[in-house]
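*Asks:* Residue numbers (the UniProt record's numbering): 1 to 162.
#1: Does DSSP put residue 4 in a helix, in a strand, or in coil?
#2: What is the DSSP secondary structure of residue 33, counted as helix, strand or coil?
#3: If the criterion is Cβ atoms closer than 7 Å, does the pair residue 159 and residue 111 meet it?
#4: Return the residue from the list 153, 162, 141 and 161 that minimises the CA-CA distance to residue 58.
#5: Around the Cβ of residue 120, are there at least 16 other Cβ atoms within 10 angstroms (buried) or fewer (exposed)?
#6: With a 10 Å radius around its C-beta and 16 neighbouring C-beta atoms as the bar for buried, classify residue 78 as buried or exposed.
#7: Do three or more CB pairs link the region 139-157 to the region 43-50 at distances below 8 Å?
#8: Quickly, what does DSSP pair residue 160 with across the bridge? List them, please.
#9: When DSSP labels each residue in this structure, what does residue 92 get in the three-state scheme?
#10: Can you tell me whether residue 14 is helix, strand or coil according to DSSP?
#11: What does the alpha-carbon distance come out to for the pair residue 124 and residue 11?
#12: What is the DSSP secondary structure of residue 41, reduced to helix, strand or coil?
#13: Would residue 129 be called buried (16 or more neighbouring beta carbons within 10 Å of its own) or exposed?
#14: Taking the C-alpha atoms as reference points, what is the distance between residue 95 and residue 85?
#15: What whole-angstrom Cβ distance do residue 40 and residue 109 have, given they're in contact under 8 Å?
#16: To the nearest whole angstrom, what separates the beta carbons of residue 43 and residue 145, a pair I think is in contact under 8 Å?
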């Protein structure tokens, strides 16, 4: 893949590797979570969580997402400043956006969320832990999706409003 700009332009736009990485992480954040959500969205929480975590993506899209995660993890392991950008602009910002959505669901009486940031961490750990499993742990893409649906069900059963 080529970006069709000169190196001079690239260095003018992104003076350092950190600047470039920051732009890449920001641009790919929505590859990981479909957030923020529209304020007027009224679908049931299970459907919205399936959308947020994009459990219906194709195998090709999933492979692209996994490749991106591997690249940023590798780069983050080699360069502490990049690891900090990944944590701050990728993981922490995504977690806060999910926490904001969870808090909104609590305010609307759809879920019971006592600590939105903690709940966002739990939910992301469940979902991304399952997504990051080696392909051989699921017989096929459909079984992986069913597993992710079960993760959402387990989470929602623990947070549903009375």
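Virtual Cβ for every residue (Gly too), placed ideally from N, Cα, C.
*Replies:* The answer reads as follows:
#1: DSSP, reduced to helix, strand and coil, places residue 4 outside both helices and strands of the structure shown, so it counts as coil.
#2: Residue 33 falls in the coil class under three-state DSSP.
#3: For residue 159 and residue 111, yes; Cβs fall inside 7 Å.
#4: That would be 141, whose Cα lies nearest to the Cα of residue 58.
#5: Residue 120 comes out buried.
#6: Burial check for residue 78: the Cβ neighbour count within 10 Å stays below 16, so the residue is exposed.
#7: Judged by Cβ distances under 8 Å, the region 139-157 makes contact with the region 43-50, as three or more pairs qualify.
#8: According to DSSP, which records beta bridges pairwise, residue 160 is partnered with 111.
#9: Helix.
#10: In the three-state reduction of the DSSP assignment, residue 14 falls in the coil class.
#11: Looking at the two C-alpha atoms, the distance is approximately 35 Å.
#12: In the structure shown, the three-state DSSP call for residue 41 is coil.
#13: Residue environment: residue 129 is assigned as exposed (fewer than 16 neighbouring CB atoms within 10 Å of its CB, all protein chains considered).
#14: As the crow flies, the alpha-carbon of residue 95 is around 14 Å from that of residue 85.
#15: Not really, about 16 Å apart at Cβ, beyond 8 Å.
#16: No, residue 43 and residue 145 are not in contact; Cβ-Cβ is about 18 Å, not under 8 Å.
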